[in-house]
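A.B. asks:
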Amino acid sequence: MLGKLFSSKEVKPLPWTQLNTISQLEEIDRMSNEKPILLFKHSTRCSISAMALGRFERSYDENASFDPYFLDLITYRDLSNKVAERYGIRHESPQVILIRNGKATFDASHMGISYSELNIEAEKQ
Numbered sequence: 113m114l115g116k117l118f119s120s121k122e123v124k125p126l127p128w129t130q131l132n133t134i135s136q137l138e139e140i141d142r143m144s145n146e147k148p149i150l151l152f153k154h155s156t157r158c159s160i161s162a163m164a165l166g167r168f169e170r171s172y173d174e175n176a177s178f179d180p181y182f183l184d185l186i187t188y189r190d191l192s193n194k195v196a197e198r199y200g201i202r203h204e205s206p207q208v209i210l211i212r213n214g215k216a217t218f219d220a221s222h223m224g225i226s227y228s229e230l231n232i233e234a235e236k237q
């Protein structure tokens with residue numbers, strides 16, 4: 113009976129690329145000309161961030177319309193600040209930012225992070 117309350121979907125590891133250097137932002141901008149890039153800013157000290165990350169990972173489909181990058185903003189706080197400055201997005205945690213053609217085209221934070229909404233945004237021309 114209780115088994116039906118919980119999702120039986122297998123959680124597969126995401127093909128995260130770790131974002132840990134400022135120089136990677138140039139690569140992200142270049143790559144975003146071909147395919148949208150998703151930046152997931154995660155706080156390892158925040159339970160809400162852990163919930164948002166888990167929800168995102170359970171929803172992820174390997175046919176996603178974007179390439180996912182992961183930023184541990186506790187370890188790389190300076191880089192997180194640089195992301196906010198570079199893309200003109202106010203820092204929040206957890207936060208997702210969709211990059212297309214070197215510009216932020218969508219962002220969401222906290223429980224507003226929705227895999228399906230991100231995928232819809234990524235598929236837009």
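Under the working numbering, the residues of the sequence shown are numbered 113 to 237, in order. Ideal Cβ placement from N, Cα and C applies to all residues, glycine included. Please read all numbers here as calculations on a predicted model, not as lab measurements.
1) By the three-class DSSP mapping on this structure, what secondary structure does H203 have?
2) State yes or no: is the C-beta of N213 within less than 9 Å of the C-beta of N145?
3) Quick check: what's the CA-CA separation for Y188 versus G200?
4) Run the CB neighbour count on M223, radius 10 Å, all protein chains shown included, and call it buried at 16 or more, exposed below.
5) Determine which residues share a DSSP beta bridge with A216 and list them.
6) Measuring only the C-alpha atoms, how far is S159 from F182?
7) Please go through the same chain and pick out, in chain order, the residues whose beta-carbon is closer than 6 Å to the beta-carbon of K215, but skip the five residues on each side of it.
8) So the candidates are F178, E235, I232 and L151; which of them puts its Cα closest to the Cα of S221?
9) Would D219 and V208 be called neighbours here (beta carbons separated by less than 9 Å)?
10) Note down, in chain order, each residue of its chain lying with its Cβ closer than 7 Å to the Cβ of K116, except the 5 sequence neighbours on either side.
C.D. replies: Per the coordinate set shown:
1) DSSP places H203 in coil when its eight states are reduced to three.
2) yes
3) Roughly 18 Å separates the two Cα atoms.
4) So M223 ends up on the exposed side.
5) For A216, the pairing in a beta bridge is given by DSSP as I211.
6) If you take the alpha carbons of S159 and F182, they lie about 17 Å apart.
7) Exclusion of the five residues before and after K215 leaves no residue of its chain whose Cβ lies closer than 6 Å to its Cβ.
8) L151
9) yes
10) Only weak support is given to the placement of K116: the predicted model assigns it a pLDDT of 48, under 50, and the question is left unresolved by the model.
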